[in-house]
Each structure stands twice: as structure tokens, then as C-alpha cells.
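UniProt numbering puts the first residue of the sequence shown at 1, with every later residue one more than the last. As C-alpha cells, the structure follows; a few thoughts come after it.
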Amino acid sequence: MSMLKPSGLKAPTKILKPGSTALKTPTAVVAPVEKTISSEKASSTPSSETQEEFVDDFRVGERVWVNGNKPGFIQFLGETQFAPGQWAGIVLDEPIGKNDGSVAGVRYFQCEPLKGIFTRPSKLTRKVQAEDEANGLQTTPASRATSPLCTSTASMVSSSPSTPSNIPQKPSQPAAKEPSATPPISNLTKTASESISNLSEAGSIKKGERELKIGDRVLVGGTKAGVVRFLGETDFAKGEWCGVELDEPLGKNDGAVAGTRYFQCQPKYGLFAPVHKVTKIGFPSTTPAKAKANAVRRVMATTSASLKRSPSASSLSSMSSVASSVSSRPSRTGLHVLELEAKMDQLRTMVEAADREKVELLNQLEEEKRKVEDLQFRVEEESITKGDLETQTKLEHARIKELEQSLLFEKTKADKLQRELEDTRVATVSEKSRIMELEKDLALRVQEVAELRRRLESNKPAGDVDMSLSLLQEISSLQEKLEVTRTDHQREITSLKEHFGAREETHQKEIKALYTATEKLSKENESLKSKLEHANKENSDVIALWKSKLETAIASHQQAMEELKVSFSKGLGTETAEFAELKTQIEKMRLDYQHEIENLQNQQDSERAAHAKEMEALRAKLMKVIKEKENSLEAIRSKLDKAEDQHLVEMEDTLNKLQEAEIKASSITRELQGRELKLTNLQENLSEVSQVKETLEKELQILKEKFAEASEEAVSVQRSMQETVNKLHQKEEQFNMLSSDLEKLRENLADMEAKFREKDEREEQLIKAKEKLENDIAEIMKMSGDNSSQLTKMNDELRLKE
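Take a look at the structure:
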């Protein structure tokens with residue numbers, strides 16, 4: 001009687017006890033369950049946790065790809081001022097970015113223009129991805145984690161009852177060893193049903209993570225830990241907000257915003273964030289442990305209790321027990337077993353299809369969330385670019401005002417130069433008159449010198465001494481006057497030369513400065529015009545591009561929501577229809593089993609006596625199996641209801657997000673309209689500036705003409721000055737000639753003085769001789785009074801001598 005059991009296993013003598021198998025099999029079952037739960041949680045974790053994981057994973061200087069197709073290097077990781085949360089600053093290989101490492105006047109890193117870009121760390125990869133992967137289909141590992149498990153269990157179960165019709169039944173051991181043969185098959189098939197329950201548990205975990213309470217430990221933005229102190233709506237912004245008291249002073253307030261207090265904490269420890277950006281700490285780690293403990297308890301309870309988790313496993317165990325009990329007609333029972341296994345395979349494939357559809361729906365939901373985040377990021381980037389454009393326009397306006405002020409300053413400077421030119425003209429006229437006066441004075445001096453010469457020439461050597469002295473005095477005084485006038489003229493000439501040279505240099509420098517200033521102003525006006533035109537063009541292009549992007553994004557969101565609604569409704573309809581068909585098939589199978597058992601009882605009366613107890617036990621088992629099937633159907637229905645509720649909640653969330661996106665789109669359109677109004681105002685200001693520029697250009701042209709006239713007048717003045725200098729040189733030559741003449745006159749005067757001295761000496765000698773003669777005459781008259789004739793003769797001689 002040592003035959004094989006219908007399950008394909010050896011005799012139960014070499015199999016362990018049911019208790020030991022029940023204790024060892026859950027380890028093999030729980031491990032895949034934990035893997036599926038962890039994989040599903042990895043695919044459905046919130047964005048903040050994924051951001052924290054990516055920030056911890058990436059490093060500065062690492063080579064990455066943005067959205068899978070833009071290569072570059074990480075230069076910045078952390079928080080920014082333009083948007084909350086974690087951001088990554090990338091230096092791209094090609095100039096297809098948006099900045100140079102600075103946003104809204106704050107620099108985070110340095111790179112070339114249009115090579116810097118800021119993005120979320122979740123959009124970075126370490127290798128190039130395909131286009132569909134780059135678009136966000138990155139949640140497929142959950143389906144990979146569940147589908148191989150289901151396919152492996154299906155293949156193992158379908159290969160186990162290979163030859164049920166050719167194996168006879170062992171009647172001596174009817175019911176004691178059947179449980180030891182069935183648990184391996186039930187444990188293999190148990191993982192397929194547990195994958196469905198784990199998906200629903202993952203959904204319930206995700207739903208539970210949203211339910212925050214005051215006092216919970218949370219993470220804000222994936223990096224800032226704290227305790228929830230406030231939940232609800234606020235006055236400073238719409239929507240539901242979460243007030244968190246942080247562990248470190250990384251916040252922005254003390255629980256009060258805009259004069260309204262929501263909770264109390266220390267300064268810089270309070271932070272408000274939207275509820276979807278707040279993650280509960282420690283919640284996901286508790287549920288897998290509970291699931292593991294529950295699974296171990298379910299497996300350790302009884303063999304029949306573990307069979308309740310899978311309708312396919314229970315039907316397989318019931319068919320194996322029926323096949324082992326019925327040995328007189330094995331061919332018919334084997335055929336029924338094969339049919340039931342085929343139906344089990346169909347059921348398994350249907351469950352797997354429902355599992356895959358659920359995973360696909362979860363992937364689609366994650367894709368929609370990612371698209372909504374992309375839209376939010378684009379809106380934030382648009383606000384940043386809007387702020388940059390506004391600052392640029394303000395700077396351009398300030399530059400235009402500065403240029404207008406500089407033009408006014410240059411205009412006043414030109415007027416001042418013109419006044420100075422007029423003053424120089426008056427000064428040149430006065431100097432010309434002074435030169436004429438000096439020339440007249442020189443002419444008079446020359447005439448006086450000529451008269452002196454004539455007087456000297458007309459003077460005879462026998463003139464009086466008084467006349468010669470007066471002439472000498474006049475000559476010396478004239479010489480002194482000539483020296484003084486000469487020195488004065490030289491000083492005046494040098495001062496005039498220096499003054500006019502300095503004036504000429506200053507005028508030339510000012511004229512050059514004015515020319516350069518006018519050229520610079522014209523160039524700056526042209527560059528400002530080109531910059532304003534370029535900025536207007538970029539504004540219009542950016543506005544049109546963002547309008548088209550928003551319209552396409554809204555259309556794609558609406559289409560995706562419609563497809564989700566249709567697929568969800570179809571999925572629910574197909575699942576209910578399939579479960580109704582399963583129920584009818586199970587009822588039909590039960591009726592077939594009852595009819596077959598009645599026929600076998602009628603045909604095998606002899607064997608009924610021997611196997612009456614066994615048939616009663618089998619009937620009890622069949623009733624138990626039927627109850628288990630009904631219970632499993634009820635469990636599946638409850639799970640479907642839960643899944644439906646979860647899908648409805650997720651659909652409501654996506655609809656709310658879509659409404660928020662539509663509200664943001666309307667606000668963006670309003671902002672765009674306001675920007676268009678600003679652009680029209682800028683165009684009007686540009687037209688006014690162009691008019692002002694035309695008037696300034698006209699004034700500059702007039703100033704240029706005036707400067708040309710002034711330069712011509714300066715040239716003419718310079719020529720007249722040159723002529724006067726030449727005349728002065730001629731006068732100096734005349735002065736030199738007069739000085740030489742004066743030297744000659746001095747020499748003549750010296751000769752005349754010498755002659756006069758000789759005459760004086762002779763006169764003195766004559767006087768002495770006369771006195772001697774007079775004395776002699778007196779003596780002679782005394783001596784002889786008769787010598788009158790001789791005296792008269794002598795007197796005549798003396799007179800003649802005199």
C-alpha cells in the first residue's frame with residue numbers, strides 16, 4: 001500500500017508534522033509579502049520622502065541627466081529662496097538652460113549664461129533614459145515585484161498535479177495525513193492572494209499617511225522635522241495648511257502670521273506648509289510589522305484557517321482530498337480536477353489582470369501627480385522670470401532717467417561753455433584795444449626819441465652846460481620809461497599767451513568731451529532701444545509659450561482624467577462581472593460534486609460501508625470548503641469595496657488638484673494680462689523716450705553747429721593773436737634798434753661830456769691867465785699909467801681869444 005498521493009508528493013512517513021510545516025512555511029510566504037509591500041510603498045511614497053531620498057543619494061559634482069535627456073553636473077543641493085523644498089542646481093553641457101546660477105538676484109552657483117537650471121532631485125537620473133521613462137513612468141517596479149510572484153506560483157501550482165488519474169488511492173490512511181500533503185500547494189498559491197491584499201494595504205497606508213493629527217511627528221519638505229501644532233485653513237492663503245513647531249530654528253515665525261496667531265512657539269521655530277508637503281514620521285514602518293505578525297498568526301493558527309486567504313488554494317486542496325478519497329473511479333475525478341485546475345488558472349489570471357490594472361491605475365495617478373508638480377514648478381519658474389523681467393524693466397527705466405539727467409547736465413555744460421566763449425571774445429576785443437593803446441604809446445615814445453636825437457644833433461659843442469645836463473636827465477628818464485614799458489609789455493604778452501593757450505586747451509578738451517559724450521549717449525540710446533525691443537520680444541515669446549504650455553497641460557490633464565474615469569468604470573464593471581461568473585461557476589461545481597457523489601454512493605454500496613466515515617468527513621470538508629469559498633468571496637468583495645473607496649478618494653484628490661491647477665492657470669492668465677498692460681505702458685514710455693531723444697538729438701545738432709562756429713571763431717582769434725604776436729616781435733626788434741641808438745647816443749654824450757670837461761679845464765686856465773693878466777695889468781698900470789694903449793691892445797687880444 002506504499003503508493004504515491006495524488007498531489008505528486010511521497011508518502012507521508014517522510015514529511016514533517018503539520019505543526020512544524022505551519023511554523024516554517026510562513027517565512028517563505030511573509031518574505032514576498034514584505035517585498036511587495038515595500039515595492040508598492042516605494043512607488044507610492046509622497047514626493048517629500050522621494051526628494052529626501054534623492055538629496056541623500058546625489059552629490060555635488062556628480063554627472064546626471066535632467067528628465068533623462070539633458071546631461072550636466074550637480075553644482076547645488078539644498079533649499080532656495082524662490083520656492084520651498086529641496087532643489088538641485090545643474091550646469092548643463094549645452095546652453096539650453098534658463099540662468100547662470102542666480103535666481104531673483106540671489107546666486108547659488110556660478111556658470112555660463114543659459115547653462116544653469118534648477119530642478120527637483122526626483123527628476124535627475126544617472127544615465128540616459130528613453131522618452132517614455134523620461135516622461136515619468138517610473139513606478140513600474142511595483143508591478144515587477146508582484147507579477148513574477150504570481151506567475152511563479154501559477155506555474156508551480158499548475159505543474160504539481162501532473163498525473164492524478166494514474167495514481168491509485170491509499171484507503172488505509174484516509175484523513176489523518178491529508179493536511180500534511182496540501183499545505184505546500186496552499187502555501188505556494190497563498191502569495192497570489194496576499195499580493196492583492198498587500199496592494200489594498202498599501203493603499204490604506206497611503207490613505208492613512210494623509211490623516212495628520214495635532215501632536216504627530218512630521219517631516220516638512222523631506223528635511224525639517226517637527227511636531228504638528230495647527231491644522232486647518234488660514235487667513236494668509238487658501239487651502240488647508242499645517243503649522244509645525246520645528247526641532248531646530250529653521251522656520252520663519254513663532255506661530256503667528258500677519259498679526260494672527262495660530263499656535264505658540266519660539267521665534268524661528270514655526271513653519272506653515274501645505275498638507276501635501278508634510279509627511280508623517282514612522283507611520284509606514286509600523287504597518288509592515290503588523291502585517292507580518294498577522295500573517296504569522298494566520299499561518300500558525302490552523303491549516304484550514306490559512307486556506308481562507310486564497311480561493312484557488314482552497315479549491316485545489318478540496319479537489320486533492322476528493323481525488324484521494326475516491327479510488328474506484330479515478331478517471332472521472334481526475335477530469336474534474338483538471339477542469340477545476342483550469343478554472344483555477346483562469347481565476348488566477350483574472351486576479352493577476354486585476355492586480356496589473358490596479359498597479360497601472362496607481363502608476364497613472366503617480367503620473368498625474370508628477371504632471372501637477374511639473375505645472376507648479378513651471379508656474380514658479382514663470383513667477384521667477386516675471387520678477388526678473390520686472391527688475392530688468394525697472395533698471396532700464398532708471399538707466400533712461402540717468403541718461404536724461406546726463407543729457408541735461410551736458411546741455412547746461414554746453415551753455416556754460418558758450419557763455420565762456422562769449423566772455424573770451426569780449427576779452428580778446430579788450431586785449432586788442434589794449435594792444436592798440438600800447439602800439440600808440442610806442443609810437444609816441446619813438447617820436448620822442450626822434451626829437452631827442454634831433455635836439456642832440458642840433459646842439460652845438462659850444463652849448464650851455466645846463467642844456468646838456470637837462471638832455472642827459474631826459475635821456476635817462478626816457479631810458480627808464482622804455483625799460484619799464486618793455487618789461488610791462490613782455491609780461492602782458494606772456495600772460496596773454498599763457499591765458500589764451502590755457503583757454504584754447506580747455507576749449508579743445510571740453511569740445512572733445514562733448515563729442516565723446518554725445519557719441520556715448522547715442523550708442524547707449526541705441527543699445528537701450530535694442531535691449532527694450534529684445535526684452536519685449538522675449539516677453540511676448542514667453543507669454544505665448546506659457547499660454548500654449550498651460551493650454552496643452554490643462555487639455556492633457558482633462559483627457560487623462562477622462563481616461564482614468566472611463567478605465568476605472570470599466571475596471572469595476574469587468575471585475576463585478578468576472579466575480580459574478582466565478583460565483584455561478586462555483587455553484588455549478590458544487591452541484592456537480594453533489595450529483596457525482598450521489599452517483600458514486602448508488603454505484604458503490606459495497607464501498608460505502610467501508611468508507612462511510614471517510615465520506616462523512618469528506619462531506620464535512622466539502623461543506624467547509626464551500627463556506628471558505630463563500631467567506632473568500634465576501635473578503636474579495638470587501639477588498640473590492642475598499643479599493644473602490646480608495647480609488648474614489650484618489651480621484652477626488654486628483655480632481656481637487658486639477659481645480660487648483662485651473663485656479664492657478666486663471667491667476668496666471670490674469671498676471672499675463674497685467675503684464676500685457678505693463679508692456680503697453682512700456683511701449684508708450686518708449687515712444688515718449690524716443691520723442692525726447694529726437695528733441696535732444698536736435699539740440700545736440702544745434703550745439704554741434706554752435707561748437708563749430710565757436711571753433712571757427714577760436715581759430716580766427718588764434719590768427720589775430722598770432723598777428724599781434726608777430727607785431728609784438730616787430731616792436732621788440734624796433735625796441736632793440738632804439739636801444740642800440742640809445743647806446744650810440746650815450747657814447748656821443750660821453751664824448752660830449754669829455755669835450756665839455758676839456759672846455760671847462762681850458763676855461764679855468766683862461767680865467768687863471770686872465771686873473772694873472774689882470775694882476776699884471778694892475779701892477780703895470782700902477783707902475784705906468786701911460787701904457788693905456790698897450791692895455792687896450794691887450795684887452796682886444798683877450799676878447800679875441802675869448
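Ideal placement from N, C-alpha and C gives every residue a C-beta, glycine not left out.
For this session: Mind listing, in chain order, the continuous alpha helix (DSSP H) runs of no fewer than 4 residues lying wholly within the segment 58 to 103?
Result: The qualifying runs do not exist here; there are none.
For this session: Quick one: residues in its chain with C-beta nearer than 6 Å to the C-beta of L800, no 5 flanking neighbours on either side, listed in chain order?
Result: Taking the sequence shown and counting its residues from 1, the one referred to as residue 800 is at position 800. Result list for L800: empty, nothing under 6 Å.
Exercise. Are the segment 98 to 111 and the segment 396 to 408 in contact at 8 Å, needing three or more beta carbon pairs?
Worked result: The segment 98 to 111 is not in contact with the segment 396 to 408.
Exercise. Mind checking I668: buried by the 16 CB within 10 Å criterion, or exposed?
Worked result: By one-based count along the sequence shown, residue 668 stands at place 668. I668 comes out buried.
For this session: Give the straight-line distance between the Cα atoms of V66 and K512, rounded to the nearest whole angstrom.
Result: Position 66 of the sequence shown holds residue 66. Position 512 of the sequence shown holds residue 512. Cα to Cα, the separation comes out at about 55 Å.
Exercise. What first and last residue would you give for the beta strand (DSSP E) that runs through L271?
Worked result: Along the sequence shown, read from residue 1 onward, the residue named residue 271 stands at position 271. From DSSP, the beta strand (DSSP E) with L271 extends over G270 to P274.
Problem set entry | 8 Å Cβ shell around K770 - same chain, five flanking residues per side excluded | As a position in the sequence shown, residue 770 is number 770, starting the count at 1. So the qualifying residues of the chain are L798.
For this session: Using the Cα positions of E431 and L738, report the straight-line distance between them to the nearest angstrom.
Result: The residue labelled residue 431 in the question sits at position 431 within the sequence shown. The residue labelled residue 738 in the question sits at position 738 within the sequence shown. Cα to Cα, E431 sits roughly 25 Å from L738.
Exercise. In whole angstroms, what separates the C-alpha of M794 from that of L749?
Worked result: Here the question's residue 794 lines up with position 794 in the sequence shown. Here the question's residue 749 lines up with position 749 in the sequence shown. Cα to Cα, M794 sits roughly 37 Å from L749.
Exercise. By DSSP, does I435 sit in helix, in strand, or in coil?
Worked result: For the purposes of this step, residue 435 is taken as residue 435 along the sequence shown, with counting starting at 1. It is helical.
For this session: Would you give the residue range spanned by the beta strand (DSSP E) that F118 belongs to?
Result: Locating residue 118 in the sequence shown gives position 118, counting from the first residue. Segment G116 to T119, the beta strand (DSSP E) holding F118.
Problem set entry | Spatial distance of G334 from V359 (CA atoms) | Translated into the one-based positions of the sequence shown, residue 334 becomes position 334. Translated into the one-based positions of the sequence shown, residue 359 becomes position 359. Pairing G334 with V359, the inter-Cα distance amounts to about 37 Å.
Exercise. With 16 as the cutoff for other CB atoms within 10 Å, does F118 come out buried or exposed?
Worked result: Here residue 118 is taken as the residue at index 118 of the sequence shown, counted from 1. That one is buried.
Problem set entry | L444, DSSP secondary structure in three states | If you number the sequence shown from 1, residue 444 lands on position 444. DSSP places L444 in helix when its eight states are reduced to three.
Problem set entry | Nearest residue (CA-CA) to H489, options L728, K772, I663 and W87 | In the sequence shown, residue 489 corresponds to position 489, counting from 1. If we check each option's Cα against that of H489, L728 comes out closest.
Exercise. Which class does G387 belong to by DSSP, given the choice of helix, strand or coil?
Worked result: Counting from one through the sequence shown, the residue named residue 387 turns up at place 387. In the three-state DSSP reduction, G387 falls in the helix class (H, G or I).
Problem set entry | For V128, the three-state DSSP class (helix, strand or coil) | Taking the sequence shown and counting its residues from 1, the one referred to as residue 128 is at position 128. In this structure, V128 counts as coil in the three-state DSSP scheme.
Exercise. Alpha carbon to alpha carbon, how far is R453 from S716?
Worked result: Locating residue 453 in the sequence shown gives position 453, counting from the first residue. Locating residue 716 in the sequence shown gives position 716, counting from the first residue. Those two C-alpha atoms are separated by around 41 Å.
Exercise. Thinking C-beta only, is L124 closer than 8 Å to P95?
Worked result: Along the sequence shown, one-based indexing puts residue 95 at 95. Along the sequence shown, one-based indexing puts residue 124 at 124. For P95 and L124, no; Cβs fall outside 8 Å.
Exercise. Contact check, G116 vs G89 under 8 Å by CB: the rounded distance?
Worked result: The count along the sequence shown starts at 1 and reaches residue 116 at position 116. The count along the sequence shown starts at 1 and reaches residue 89 at position 89. Confirmed, about 7 Å.
Exercise. Which of helix, strand or coil does DSSP assign to S347?
Worked result: Indexing the sequence shown from 1 puts residue 347 at position 347. The sequence given here has Leu at residue 347, not Ser. L347: helix per DSSP, three-state reduction.
For this session: Check each candidate in R378, D541, H397 and M589 and name the one with the smallest Cα separation from V337.
Result: For the purposes of this step, residue 337 is taken as the residue at position 337 of the sequence shown. Closest option to V337, Cα to Cα, is M589.
Exercise. Looking only at C-alpha atoms, which of F263, E650, R378 and K759 sits nearest to R120?
Worked result: Within the sequence shown, the letter at position 120 stands for residue 120. Nearest C-alpha to R120: R378.
Exercise. For E437, which residues of its own chain have a beta-carbon under 7 Å away from its beta-carbon, when the five flanking residues on both sides are left out?
Worked result: Translated into positions along the sequence shown, residue 437 becomes position 437. Same-chain partners within the cutoff: there are none.
Problem set entry | Given R63 as reference, the closest of T80, W87 and L92 once Cα atoms are compared | Looking up residue 63 in the sequence shown gives position 63. Looking at the Cα atoms, L92 is the closest of the given residues.
Exercise. Using the rule of at least 16 other Cβ atoms within 10 Å of the residue's Cβ for burial, across every protein chain shown, is D247 buried or exposed?
Worked result: As a position in the sequence shown, residue 247 is number 247, starting the count at 1. With fewer than 16 Cβ atoms within 10 Å of its Cβ, D247 is classed as exposed.
Exercise. CB G251 to CB K268, shorter than 8 Å?
Worked result: Within the sequence shown, numbered from 1, the residue matching residue 251 stands at position 251. Within the sequence shown, numbered from 1, the residue matching residue 268 stands at position 268. Yes, the pair counts as a contact, with Cβ atoms nearer than the cut-off.
Exercise. Under 8 Å between C-beta atoms, does S556 make it to chain B?
Worked result: No chain B appears in this structure, which consists of one protein chain only.
Problem set entry | Distance CB(T424)-CB(R503) smaller than 8 Å | Reading the sequence shown from its first residue, position 424 is the one you call residue 424. Reading the sequence shown from its first residue, position 503 is the one you call residue 503. Their beta carbons are under 8 Å apart, which means T424 touches R503 by this criterion.
Exercise. When the Cα atoms are used, what is the spatial distance from F82 to A256?
Worked result: Here residue 82 refers to the residue found at position 82 of the sequence shown. Here residue 256 refers to the residue found at position 256 of the sequence shown. Cα-Cα distance, rounded: 22 Å.
Exercise. In terms of alpha-carbon separation, which member of H397, R746 and E753 lies closest to L478?
Worked result: By 1-based counting over the sequence shown, the position of residue 478 is 478. Nearest of H397, R746 and E753 to L478, Cα basis: R746.
Exercise. Looking only at C-alpha atoms, which of K481, R217, T393 and Q585 sits nearest to L340?
Worked result: On the sequence shown, position 340 is the one that residue 340 refers to. It is Q585 whose Cα lies nearest to the Cα of L340.
Exercise. From K280 to R370, what distance separates their C-alpha atoms?
Worked result: Residue mapping note: residue 280 aligns to position 280 of the sequence shown, counting from 1. Residue mapping note: residue 370 aligns to position 370 of the sequence shown, counting from 1. If you draw a straight line from the Cα of K280 to the Cα of R370, it is about 20 Å long.
Exercise. For K523, which residues of its own chain have a beta-carbon under 7 Å away from its beta-carbon, when the five flanking residues on both sides are left out?
Worked result: Taking the first residue of the sequence shown as position 1, residue 523 is located at position 523. Closer than 7 Å at Cβ, skipping near neighbours: no residue.
Exercise. By a C-beta neighbour count over all protein chains shown, 10 Å radius and 16 as the cutoff for buried, is G259 buried or exposed?
Worked result: Counted from its first residue, the sequence shown places residue 259 at position 259. Per the 10 Å Cβ criterion, exposed.
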